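Chemist: I am attaching a structure below and will ask some questions about it afterwards.
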Amino acid sequence: MTDTSVLEATGLGKRYRRKWALRDCSLSVPRGRVVALVGPNGAGKTTLLHLAVGLLAATEGEVRVQGETAFLAQEKPLYSGFSVAEMLKFGRLLNPGWDDEFARRRIDELGLSLTSKVGKLSGGQRAQVALTVALAKRPELLVLDEPLANLDPLARHDVMRGLMGAVADTGMTVLLSSHVMSDLENTCDWLIVLNGGRVQVSGDIDELIAGHRVLSGPVDEAEAVARRVDVIETVGSSRQAALLARTEPVPLGPQWTDRPVNLEELVLAYLRRPDAANLPRPTLATA
Amino acid sequence: MVVFHLDRGSGVATYVQLVQQVKHALRLGLLEPGDRLPTAKEVVAELAINPNTVLKAYRELEREGLVAGKPGLGTFVQRTLGGASFAEHARLRKSLNGWIVDAREAGLVQEDVEALFSSVVLDAFRGGERTA
Chain A
213 MTDTSVLEAT
223 GLGKRYRRKW
233 ALRDCSLSVP
243 RGRVVALVGP
253 NGAGKTTLLH
263 LAVGLLAATE
273 GEVRVQGETA
283 FLAQEKPLYS
293 GFSVAEMLKF
303 GRLLNPGWDD
313 EFARRRIDEL
323 GLSLTSKVGK
333 LSGGQRAQVA
343 LTVALAKRPE
353 LLVLDEPLAN
363 LDPLARHDVM
373 RGLMGAVADT
383 GMTVLLSSHV
393 MSDLENTCDW
403 LIVLNGGRVQ
413 VSGDIDELIA
423 GHRVLSGPVD
433 EAEAVARRVD
443 VIETVGSSRQ
453 AALLARTEPV
463 PLGPQWTDRP
473 VNLEELVLAY
483 LRRPDAANLP
493 RPTLATA
Chain B
87 MVVFHLDRGS
97 GVATYVQLVQ
107 QVKHALRLGL
117 LEPGDRLPTA
127 KEVVAELAIN
137 PNTVLKAYRE
147 LEREGLVAGK
157 PGLGTFVQRT
167 LGGASFAEHA
177 RLRKSLNGWI
187 VDAREAGLVQ
197 EDVEALFSSV
207 VLDAFRGGER
217 TA
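Have a look at this one:
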């Protein structure tokens with residue numbers, strides 16, 4: 213494992229009976245990144261996360277994680293009969309590196325009472341308590357499976373603010389899965405796209421965005437343009453074609469326009485083209 | 087202190103938006119040498135964005151010599167932007183305002199004025215890149 217990565221998977225695969233949930237998964241998560249793991253339902257996201265934190269054993273290949281890891285499962289397991297204080301005590305007893313002062317301060321800053329019963333809290337407050345328990349382990353890698361699922365927009369924003377604040381404080385690495393792209397734009401800086409149990413894209417989000425463009429122009433000229441660039445997806449009407457392409461800005465005819473992509477367009481284009489891949493290449497390889 | 091905002095649908099990278107907002111504040115005199123920029127933690131707590139994005143924006147501003155990071159203290163403005171003093175700004179704003187009144191009287195609407203203005207700016211500065 214290199215110094216700069218906290219998680220490394222090599223040829224990782226998991227089979228349930230005869231069906232592979234994850235296959236040939238090789239990737240590296242650089243330290244200090246906030247990594248978005250995206251893909252359709254059934255793509256293998258939860259399987260990959262469970263393998264990473266050791267809740268599942270790999271069928272083939274290996275995954276290695278460096279340092280303390282905390283995992284926040286999708287169901288945010290909390291005991292509804294427990295008070296917030298009892299939840300923290302539970303965390304303290306189970307985790308040698310537990311930072312109790314941090315946990316209590318965070319609960320206080322959230323405006324929550326230590327005596328409240330977890331079952332009586334709102335969905336957003338429960339998510340915040342679960343996040344507090346995960347953060348108080350002082351992990352180097354925090355893994356979250358759909359942390360914002362079932363939360364209202366205000367709670368989503370608050371949980372994200374809390375998470376980003378913790379990243380700013382500690383420099384920890386975060387790996388989170390989601391299928392809501394708008395939650396990931398601006399919060400994540402590394403993208404991993406899983407599709408059909410395979411890694412399709414892995415890379416720095418700014419570089420991916422800068423490396424792709426949408427070119428629009430007359431449909432009868434689209435083929436000629438498509439020969440000059442690496443087209444991921446073509447959307448066309450009878451007159452106009454839009455090509456999402458992996459390309460630098462290129463000179464185009466007068467009827468063509470060229471605009472940047474956003475993260476959601478980029479991800480959707482790759483998901484619709486499972487044979488297209490964008491993975492780190494050896495540095496000497498040509499584009 | 088500068089207050090950042092995000093235009094999420096703009097297609098402009100978030101760190102570029104932050105860089106532009108600092109430059110804008112410098113040009114308008116809202117930020118002056120010695121002023122401290124908000125810490126990454128402060129920006130993140132407000133906007134729920136990745137702290138690395140804030141640091142990337144600050145590195146870019148540092149590279150351009152506009153701000154400097156002092157370890158443990160924060161990031162501070164080093165110099166202002168804009169070719170003229172703020173007194174000059176006030177004078178130019180007044181004469182531009184006069185021109186816009188003139189344009190409206192001639193029947194131009196806001197879009198016409200903006201298009202004409204950008205076109206003249208483009209013509210005037212083409213070839214000779216004089217300002218930062």
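Respectively, the protein sequence lines represent chains A and B.
Just so we're on the same page, my numbering is the position in the first sequence counted from 1, plus 212.
Just so we're on the same page, my numbering is the position in the second sequence counted from 1, plus 86.
Each residue gets a CB set at the ideal place from its N, CA and C atoms; glycine is no exception.
Here the structure is a predicted model, which is why all the values come from computation and not from measurement.
1. May I ask you to report which of helix, strand or coil DSSP gives residue 135/B?
2. In the DSSP assignment, what residue or residues form a beta bridge with residue 452/A?
3. Measuring only the C-alpha atoms, how far is residue 365/A from residue 390/A?
4. On the DSSP letters alone, give me the boundaries of the beta strand (DSSP E) that residue 163/B sits inside.
5. According to DSSP, is residue 396/A helix, strand or coil?
6. If you follow the alpha helix (DSSP H) that residue 228/A is part of, which residue opens it and which one closes it?
7. Can you pull the chain A neighbours of residue 186/B, defined as C-beta to C-beta under 8 Å?
8. Taking all protein chains shown into account, decide if residue 91/B is buried (16 or more other Cβ within 10 angstroms of its Cβ) or exposed.
9. Just to confirm the assignment, what range does the alpha helix (DSSP H) spanning residue 412/A have?
10. Chain A partners of residue 127/B, CB-CB under 8 Å?
11. How would you list, in chain order, the residues of chain A whose beta-carbon sits under 7 Å from the beta-carbon of residue 100/B?
12. For residue 496/A, which residues from the same chain have a beta carbon less than 7 Å from its beta carbon, with the 5 sequence-adjacent residues on both sides left out?
13. In terms of residues, what are the limits of the beta strand (DSSP E) holding residue 154/B?
14. Within 7 Å (strictly less), CB to CB, does residue 372/A reach chain B?
15. How many whole angstroms separate the CB atoms of residue 442/A and residue 469/A, which I take to be in contact at a CB cut-off of 8 Å?
16. So which residues on chain A does residue 137/B lean against when the C-beta distance must stay under 7 Å?
17. For a contact meaning CB atoms closer than 7 Å, what does residue 418/A contact in chain B?
18. Between the region 432-461 of chain A and chain B, which residues of the former have CB atoms less than 7 Å from a CB of the latter, in chain order?
19. Which whole-angstrom value describes the C-beta separation of residue 295/A and residue 329/A, a residue pair presumed to lie in contact below a C-beta threshold of 8 Å?
20. Nearest to residue 396/A by CA position, among 150/B, 205/B and 94/B, is which residue?
21. Just tell me which of 346/A, 361/A and 476/A has its CA closest to the CA of residue 160/A.
22. Who are the Cβ neighbours of residue 307/A in its own chain at under 6 Å, not counting the five residues just before and after it?
23. Where does residue 365/A sit, in a helix, a strand or coil, going by DSSP?
24. When the distance is taken between beta carbons, is residue 241/A closer than 7 Å to residue 218/A?
25. Grab me the residues of residue 216/A's own chain with a C-beta within less than 6 Å of its C-beta, minus the 5 sequence neighbours each way, in chain order.
26. What residues from the region 399-410 of chain A come within 7 Å of chain B, judged by C-beta to C-beta, listed N to C?
27. Just tell me which of 488/A, 417/A and 404/A has its CA closest to the CA of residue 237/A.
28. Does residue 414/A pass the burial test, meaning 16 or more other C-beta atoms within 10 Å, or should it be called exposed?
29. In chain A, what lies closer than 9 Å to residue 131/B by C-beta?
30. Kindly indicate which residue of 358/A, 436/A, 284/A and 481/A has the alpha-carbon position closest to the one of residue 426/A.
31. Just how far apart, CA to CA, sit residue 485/A and residue 112/B?
32. DSSP puts residue 424/A in a beta bridge; with which residues?
33. Please report the distance separating the alpha-carbon of residue 163/B from that of residue 143/B.
Modeler: Inspection of the coordinates gives the following:
1. coil
2. 430/A
3. 15 Å
4. 160-163
5. helix
6. Counting along the chain, no alpha helix (DSSP H) covers residue 228/A; the unbroken beta strand (DSSP E) around it starts and ends at 217-228.
7. Result: empty, since nearest Cβ-Cβ is about 30 Å, beyond 8 Å.
8. Exposed, because fewer than 16 other Cβ atoms sit within 10 Å of the Cβ of residue 91/B.
9. Note, residue 412/A: premise wrong, no alpha helix (DSSP H); beta strand (DSSP E) at 410-416.
10. 377, 380 and 381
11. 398
12. Because residue 496/A sits at a pLDDT of 48, beneath the cut-off of 50, its placement in the model cannot be relied upon, and the following sentence gives the value as read from the coordinates. Hits under 7 Å: none found.
13. 153-156
14. yes
15. At roughly 19 Å, the Cβ-Cβ gap does not stay under 8 Å, so residue 442/A and residue 469/A are not in contact.
16. 376, 379 and 380
17. In chain order: 99.
18. none
19. In this structure residue 295/A is in contact with residue 329/A, their Cβ atoms being roughly 6 Å apart against a cut-off of 8 Å.
20. 94/B
21. Nothing about residue 160/A can be read from this structure; chain A reaches only from 213 to 499.
22. 349
23. helix
24. yes
25. 242 and 243
26. 399, 400 and 401
27. Measuring from the Cα of residue 237/A, the nearest candidate turns out to be 404/A.
28. buried
29. Neighbours of residue 131/B on chain A, chain order: 373, 374, 376, 377 and 380.
30. Checked all of 358/A, 436/A, 284/A and 481/A; the closest Cα to residue 426/A is 481/A.
31. Rounded to the nearest angstrom, the two C-alpha atoms are 45 Å apart.
32. 458/A
33. 13 Å
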